[in-house]
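Engineer: Here you go, one structure.
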Amino acid sequence: MTTERTRTERYDPSSVEPRWQARWAELELYRTDLGDTSRPKYYLLTMYDYPSGDLHVGHWYVKTPTDAIARFHRMHGENVFFPVGFDAFGLPAENAAIKKKIHPAAWTYQNIDNMRRQLRSMGATFDWASEVVTCDPAYYRWNQWLFLRFLEQGLAYRTTAPVDWCPNDGTLAREQVEGVERRCWRCGAKVEKRDLAQWFLRITKYADELLDFRGLDWPEPIRIMQTNWIGRSEGAEILFTTAPDDHQPGGDDLRVFTTRPDTLFGATFMVLAPEHPLVARLTAPDRRAEVETYVAAARSATEIERLSTEREKTGVPIGASAINPVNGARIPIWIADYVLAGYGTGAIMAVPAHDERDFAFATKFGLPIVEVIRAAGAPGPANGLSEAYVSKSATDLMVNSGRFDGQPAPAGFRAIVEWLKSEGKADFAVTYRVRDWLISRQRYWGTPIPVVYCAVDGIVPVPDEELPVRLPEHVDYQGSGENPLRRDPAFLNTVCPRCGGPATRETDTMDTFMDSSWYWFRYLSPGLDSAPVERALVDRWTPVDQYTGGAEHAVMHLLYARFFTKAMADCGLVGEREPFRRLFNQGQVLGADGERMSKSRGNVEDPDALVARYGADTVRLYLMFMGPWDQGGPWSPSGIGGVARFIGRVWTLALDPHGIEPGDPASGTLPAGEDAATAERTIRGAAHRTLATVTADYEAFHFNTMVARLMELSNLLFRYRGTDVAGGSAWDEAIALLELMLAPAAPHVTEELWARHLAARDEAWRSIHAERWPAVDAAAAAVETHELPVQVNGKLRDRVEVAVGLSEAEVEALVLARPKVVAALDGKTPLRVIHAGGGRLVNIVVRG
RNA sequence: GCCGAGGUGGCGAAACCGGCAGACGCGGCCGACUUAAAAUCGGCUGCCCGCAAGGGCAUGUGAGUUCAAAUCUCACCCUCGGCACCA
31 MTTERTRTER
41 YDPSSVEPRW
51 QARWAELELY
61 RTDLGDTSRP
71 KYYLLTMYDY
81 PSGDLHVGHW
91 YVKTPTDAIA
101 RFHRMHGENV
111 FFPVGFDAFG
121 LPAENAAIKK
131 KIHPAAWTYQ
141 NIDNMRRQLR
151 SMGATFDWAS
161 EVVTCDPAYY
171 RWNQWLFLRF
181 LEQGLAYRTT
191 APVDWCPNDG
201 TLAREQVEGV
211 ERRCWRCGAK
221 VEKRDLAQWF
231 LRITKYADEL
241 LDFRGLDWPE
251 PIRIMQTNWI
261 GRSEGAEILF
271 TTAPDDHQPG
281 GDDLRVFTTR
291 PDTLFGATFM
301 VLAPEHPLVA
311 RLTAPDRRAE
321 VETYVAAARS
331 ATEIERLSTE
341 REKTGVPIGA
351 SAINPVNGAR
361 IPIWIADYVL
371 AGYGTGAIMA
381 VPAHDERDFA
391 FATKFGLPIV
401 EVIRAAGAPG
411 PANGLSEAYV
421 SKSATDLMVN
431 SGRFDGQPAP
441 AGFRAIVEWL
451 KSEGKADFAV
461 TYRVRDWLIS
471 RQRYWGTPIP
481 VVYCAVDGIV
491 PVPDEELPVR
501 LPEHVDYQGS
511 GENPLRRDPA
521 FLNTVCPRCG
531 GPATRETDTM
541 DTFMDSSWYW
551 FRYLSPGLDS
561 APVERALVDR
571 WTPVDQYTGG
581 AEHAVMHLLY
591 ARFFTKAMAD
601 CGLVGEREPF
611 RRLFNQGQVL
621 GADGERMSKS
631 RGNVEDPDAL
641 VARYGADTVR
651 LYLMFMGPWD
661 QGGPWSPSGI
671 GGVARFIGRV
681 WTLALDPHGI
691 EPGDPASGTL
701 PAGEDAATAE
711 RTIRGAAHRT
721 LATVTADYEA
731 FHFNTMVARL
741 MELSNLLFRY
751 RGTDVAGGSA
761 WDEAIALLEL
771 MLAPAAPHVT
781 EELWARHLAA
791 RDEAWRSIHA
801 ERWPAVDAAA
811 AAVETHELPV
821 QVNGKLRDRV
831 EVAVGLSEAE
841 VEALVLARPK
851 VVAALDGKTP
861 LRVIHAGGGR
871 LVNIVVRG
């Protein structure tokens, strides 16, 4: 008997995992009863995916820890709603259509089928009954409906805006414009800008409200990025007028926005955006050729290039002048690409003495620099300023500013604006960096914008009862990259809903960010065909309690979602004005080469192969163990074997507590100096201390240290395997705690072990995932002594085991008597003894 | 360029509040078990000097604050995310 060394069967995920997945599905364990009010609700949302074809480990990296959160909350008795869906419109489907001659819909649905299968292999607790697919007319119909409400509210409007344009392939997305040469990805033609009439949503109306994050538990960096993206600037709008010349009569209004009206006397020239509407009219005939060349060049540059502060400043004078309203001075008008048409008024007054970009510009082109602000007490510069003085100190004084000389700059700011305001030439103003949201896309695979154009009635909204405006199925998307909807007469030609006369449909479709701006509301009632959202469920379940997804969405998706919620609230559709109470951004898993995973780079890591080899639990646990969840990093599978080993050890501990390791002579005997009673105290103490830290780690999403703590506990239990205490009550308690703690992260193996324990005790089966999260036994977890590090002059010299709760004097006496400390003191008298952080460390200071 | 994040052993990382740098795991080395291998189990493993006891050095670089700095401050270097038509 004793020589029999047969081990328990190994853990075999390939048989255990599918069996439990099937059982959970059969029992509909994760279908949420949204009407159940007996328990607290927990709406857990993870960013839905674009159906690109295959899941990669990056998808697992977001979703499996989120699933652990869902399970953790269920174990706390909450009614958890954890839906999934697909962000199914978008450019890649159209690209696939062009390249592979497959219909975008076919490509998309084929990918969705595959990804559904892959998502199910995670063993996650998604509520599939709530699934949303945005390219389904039952979904995009409500995009159209919402658009029409926004149109009624004045939140949607149409105006012209430039697009990247290829003469052969029409509008191009940013990623379809290649290289610094800016050429078309398909035909290589030089890309130009073209102005098109397009639809916008008025996000700027909510700019101030979007700056308010009160009540939201969001990461600070995301709040800062959104705040900077919105970019609120307080200042004034100043009215300059153009001076008369030989070629034009003057008297045109030129409005500028400035944050520094106190520097107005230092405005020595004016710069218009090359796209500014007055440029053509004001330009002198002899300047025209040069100006037109410059405007063309500026239009082909990207905004990132134009706003670079590093780049050499460029610009040309247009041969006209403006009148500075404070002193009547004639100042030359230039155009330069660092001034953008879309920001402020598209025109600036240049104050080179007090703005870095203006200084660089004036220096390069020999324009005058007039100092008008000086630090208090500073002498005036002897030979002119060597750099711009941009400091905004409250004690700065105004100089060379007529009757404002000697005034503090902040007072001058107000005084100058008040004075000009009384003359109708200025007013206080606020400008935002954020621009209204351009939602028009000249593409096929998106939600058609539901308006028609009638020669008689102009822009006419499609009536609600005619929604959805369906995408025609059979279109010619092979001809060119231009929107195929324009080539489909059956779609294009319609009748005006108002007059019944001939009309044409809008052929632009919506930005897919429109779809993702309200999908979590739709999850609550995906099949509802009378309204986009069911108000009662929305009121009960939103805002979302926890949202997880990538930080790459910090400003666009997450800002649009907030805007949409506010706009929907103003349309009376929802009650809350914020979508996501708590946000977490996990890091990105990069390819092994450190680059973003993408098919074209060939660095995509396929989770199916890993699951086949190690099982879903190991992959889940490894992704959690890799590092902090918000960090991400390059993918490397080295180390996954360690996690697989850990799961195997838990399996062995749970099913074979009395086994002896033939390779370890100490196996099966208690550690030296321990009897059964102390061993059991050690086991219970370790288990309950682990429970305390693991609980905190789950709550803080510190999954990597959570796994480490469980490894430590299993290592400790392994030392007691085969001894007299193995299989005893303390042991069994520790094993049960270990399984419960591991259950949210590794749901299959823990479910199997739990079922076997129940069967061994002849108890009826119940899922471990329906068990309550255990409570810490504080008495068991308490420690009696701890190790105290002792430093002399900040260097570690000794460690002392001390009882918990000694006074500082007792500790000091103990420590000063230690031989190593005496040696380190070398006869010198301690100057101070510092007791840090409640017995964490003692530092003895001796030098003078 | 602008906004945001991050740089710690051979590798992934830990140190949550300014208090023992390197938990946990990978890899490596040594051992046990085995006819053998695999698997499994145990031990050691930041670098340098030393037989050892011990000592010195060390958290991207350089300065500073402090009894004490991976952690705070300043400057610089490098990597990653976003920059409005990829999602």
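Numbering (our numbering), first residue to last: 31 to 878.
Just so it is clear, CB atoms sit at the ideal spot from N, CA and C, and this is done for glycine as well.
#1: For E267, which residues does DSSP report across the bridge?
#2: From A717 to E742, what does the alpha carbon distance come to, in whole angstroms?
#3: Residues in the same chain with beta-carbon distance under 8 Å from A520, minus the five sequence neighbours each way, listed in chain order, please.
#4: In three-state terms, what does DSSP make of M31?
#5: When the Cα of G624 is compared with those of N615, E635, Q616, F614, which residue comes out closest?
#6: Check G662 in the structure and name its three-state DSSP category.
#7: Between Y368 and the rest of its own chain, which residues show a CB-CB distance below 7 Å, the 5 nearest in sequence each way excluded?
#8: What does DSSP give as the partner residues of R213 in its beta bridges?
#9: Can you name the residues that DSSP bridges to P478?
#10: Once the 5 residues before and after A756 are set aside, which same chain residues still bring their CB inside 7 Å of it?
#11: Count Cβ pairs between the region 287-302 and the region 368-385 that sit closer than 8 Å; are there 3 or more?
#12: Quick check: what's the CA-CA separation for W50 versus M152?
#13: Tell me whether the beta-carbon of L240 lies closer than 8 Å to the beta-carbon of F594.
#14: Does DSSP put E495 in a helix, in a strand, or in coil?
#15: Does A203 come out as helix, strand or coil in the three-state DSSP assignment?
#16: Please classify C217 as buried or exposed, where buried requires at least 16 neighbouring CB atoms within 10 angstroms.
#17: Alpha carbon to alpha carbon, how far is G715 from V875? Give it in angstroms, no decimals.
#18: Does the distance from the C-beta atom of L85 to that of M145 stay below 8 Å?
#19: Whose C-beta lies closer than 8 Å to the C-beta of W259 among residues of the same chain, with five residues either side of it excluded?
#20: Leaving aside the five residues before and after G878 along the sequence, list all residues of the same chain whose C-beta is less than 8 Å from its C-beta, in chain order.
#21: DSSP state of I713, grouped into three classes?
#22: Pull up the distance between the alpha-carbon of A883 and that of P167, whole angstroms please.
#23: Just to check, is the beta-carbon of I765 closer than 7 Å to a non-hydrogen atom of the ligand SAH?
#24: Give the DSSP bridge partners of R612, in chain order.
#25: Look up P362 in the DSSP assignment and say whether it is helix, strand or coil.
#26: To which residues does DSSP link N823 through a beta bridge?
#27: Which of helix, strand or coil does DSSP assign to E124?
#28: For R213 and V207, what's the separation of their Cα atoms in angstroms?
#29: If you compare alpha carbons, which of A392, P438, K394 is closest to D292?
#30: Between which two residues does the alpha helix (DSSP H) containing N144 stretch?
#31: What does DSSP give as the partner residues of S20 in its beta bridges?
#32: Alpha carbon to alpha carbon, how far is A118 from T477?
#33: Between D754, A622, S330, which has its C-alpha nearest S668's C-alpha?
#34: Use the C-beta contact count for S837: other C-beta atoms within 10 angstroms, 16 or more gives buried, fewer gives exposed.
#35: To the nearest angstrom, how far is the alpha carbon of P527 from that of V492?
#36: Do L683 and L640 have their beta-carbon atoms positioned less than 8 Å apart in this structure?
Structural biologist: Let me spell this out:
#1: The count along the first sequence starts at 1 and reaches residue 267 at position 237. In DSSP, E267 forms a bridge with F287, D457.
#2: Within the first sequence, residue 717 is the residue found at index 687, counting from 1. Within the first sequence, residue 742 is the residue found at index 712, counting from 1. Roughly 10 Å between the two C-alpha positions.
#3: Reading the first sequence from its first residue, position 490 is the one you call residue 520. Hits under 8 Å: P502.
#4: What you label residue 31 is simply residue 1 of the first sequence in a count that begins at 1. Because the pLDDT at M31 is just 29, under 50, the model does not fix this residue reliably, and the point stays unresolved.
#5: For this step, residue 624 is matched to residue 594 along the first sequence. The option with the nearest alpha carbon to G624 is E635.
#6: Reading the first sequence from its first residue, position 632 is the one you call residue 662. Here G662 sits in strand by DSSP.
#7: By one-based count along the first sequence, residue 368 stands at place 338. The answer, listed in chain order, is R336, L337, K343, R387.
#8: Locating residue 213 in the first sequence gives position 183, where the first residue counts as 1. R213 is bridged to E208, K220.
#9: Against the first sequence, residue 478 aligns to sequence position 448. DSSP lists T539 as partners of P478.
#10: Taking the first residue of the first sequence as 1, we reach residue 756 at position 726. Answer for A756: P687, H688, Y750, listed in chain order.
#11: yes
#12: Residue mapping note: residue 50 aligns to position 20 of the first sequence, counting from 1. Residue mapping note: residue 152 aligns to position 122 of the first sequence, counting from 1. Cα to Cα, W50 sits roughly 12 Å from M152.
#13: Counting from 1 along the first sequence, the entry for residue 240 is found at position 210. Counting from 1 along the first sequence, the entry for residue 594 is found at position 564. In this structure, F594 does not lie closer than 8 Å to L240 by Cβ.
#14: As a first step, residue 495 must be located in the first sequence, where it is residue number 465. E495: helix per DSSP, three-state reduction.
#15: By one-based count along the first sequence, residue 203 stands at place 173. Note: A203 maps to coil in three-state DSSP.
#16: Numbered from 1 along the first sequence, position 187 holds the residue referred to as residue 217. The residue is exposed, with fewer than 16 neighbouring Cβ atoms inside 10 Å.
#17: For the purposes of this step, residue 875 is taken as residue 845 along the first sequence, with counting starting at 1. For the purposes of this step, residue 715 is taken as residue 685 along the first sequence, with counting starting at 1. Distance between the alpha carbons of V875 and G715: 36 Å.
#18: Mapped onto the first sequence, residue 85 falls at position 55. Mapped onto the first sequence, residue 145 falls at position 115. In this structure, M145 lies closer than 8 Å to L85 by Cβ.
#19: Locating residue 259 in the first sequence gives position 229, where the first residue counts as 1. Only R463, V464, V585, L589 meet the Cβ criterion.
#20: Here residue 878 is taken as the residue at index 848 of the first sequence, counted from 1. Note that G878 has pLDDT 48, beneath the 50 cutoff, so the model's placement of it is unreliable and the number below is only indicative. L861.
#21: Taking the first residue of the first sequence as position 1, residue 713 is located at position 683. It is helical.
#22: Since the first residue shown for the chain is 31 and the last is 878, residue 883 is missing from the structure and cannot be characterised.
#23: The ligand content of the structure shown is nil, which means the ligand SAH is not present either.
#24: Position 582 of the first sequence holds residue 612. D247.
#25: As a working note, residue 362 is residue 332 in the first sequence. Strand.
#26: Reading the first sequence from its first residue, position 793 is the one you call residue 823. DSSP, once it has assigned bridges, lists no residue as partnering N823.
#27: Residue numbering aside, residue 124 sits at position 94 when the first sequence is read from its first letter. Of the three classes helix, strand and coil, the one that applies to E124 here is helix, per DSSP.
#28: In the first sequence, residue 213 corresponds to position 183, counting from 1. In the first sequence, residue 207 corresponds to position 177, counting from 1. Distance between the alpha carbons of R213 and V207: 5 Å.
#29: Locating residue 292 in the first sequence gives position 262, where the first residue counts as 1. Of A392, P438, K394, the residue nearest in Cα terms is P438.
#30: Sequence index remark: in the first sequence, residue 144 carries index 114 (1-based). First-last of the alpha helix (DSSP H) with N144: 134-150.
#31: In the structure as shown, the chain starts at 31 and stops at 878, and residue 20 therefore has no counterpart that could be examined.
#32: Mapped onto the first sequence, residue 118 falls at position 88. Mapped onto the first sequence, residue 477 falls at position 447. In a straight line, the C-alpha of A118 is about 11 Å away from that of T477.
#33: By 1-based counting over the first sequence, the position of residue 668 is 638. Taking only the C-alpha atoms, the option nearest S668 is A622.
#34: Counting from one through the first sequence, the residue named residue 837 turns up at place 807. Result: exposed.
#35: Residue numbering aside, residue 527 sits at position 497 when the first sequence is read from its first letter. Residue numbering aside, residue 492 sits at position 462 when the first sequence is read from its first letter. Going from the Cα of P527 to the Cα of V492 covers about 7 Å.
#36: The sequence position of residue 640 within the first sequence is 610, counting from 1. The sequence position of residue 683 within the first sequence is 653, counting from 1. It is not a contact, given that the beta carbons lie outside the stated cut-off.
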